[in-house]
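A.B. asks:
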Amino acid sequence: MKIENILKAVAVGVVAALVASVVLIVYSKHFVWFYLLYGAAGVGFFVLAMKILSAIQREGKQDD
């Protein structure tokens with residue numbers, strides 16, 4: 841799997857999480873939306889970092 845495909849998949853996941861957060865923001869009167877949005881962004885960046893590191897590790901193993 842190429843890194844471009846991984847980045848596209850992660851971007852789609854982050855956008856889906858943000859859309860879900862926006863829907864909750866619209867229908868929520870509490871400040872819970874802030875934590876949902878913050879958490880979704882954090883999870884997205886964590887997944888992105890893990891996918892990139894995994895791709896780099898695979899590329900390194902192929903060089904051997």
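Mapping of the sequence shown onto my numbering: residues 841 to 904, in sequence order. All C-beta atoms, glycine included, are put in the ideal place defined by N, C-alpha and C. On a predicted model such as this, the values are computed, not experimentally measured, just so you know.
CB Leu876 to CB Leu864, shorter than 7 Å?
C.D. replies: Here residue 876 refers to the residue found at position 36 of the sequence shown. Here residue 864 refers to the residue found at position 24 of the sequence shown. For Leu876 and Leu864, yes; Cβs fall inside 7 Å.
A.B. asks: Please classify Ala860: is it buried, with 16 or more other beta-carbons within 10 angstroms of its beta-carbon, or exposed?
C.D. replies: Mapped onto the sequence shown, residue 860 falls at position 20. With fewer than 16 other Cβ atoms within 10 Å, it is exposed.
A.B. asks: Counting along the chain, where does the alpha helix (DSSP H) carrying Ser868 start and finish?
C.D. replies: Working through the sequence shown from its first residue, we reach residue 868 at position 28. From DSSP, Ser868 is part of no alpha helix (DSSP H); its letter is neither H nor E.
A.B. asks: Comparing alpha-carbon positions, which option in Phe874, Ser868, Ala889 lies nearest Val851?
C.D. replies: Reading the sequence shown from its first residue, position 11 is the one you call residue 851. The displayed chain sequence assigns Ala, not Val, to residue 851. Minimum Cα distance to Ala851 is reached at Ala889.
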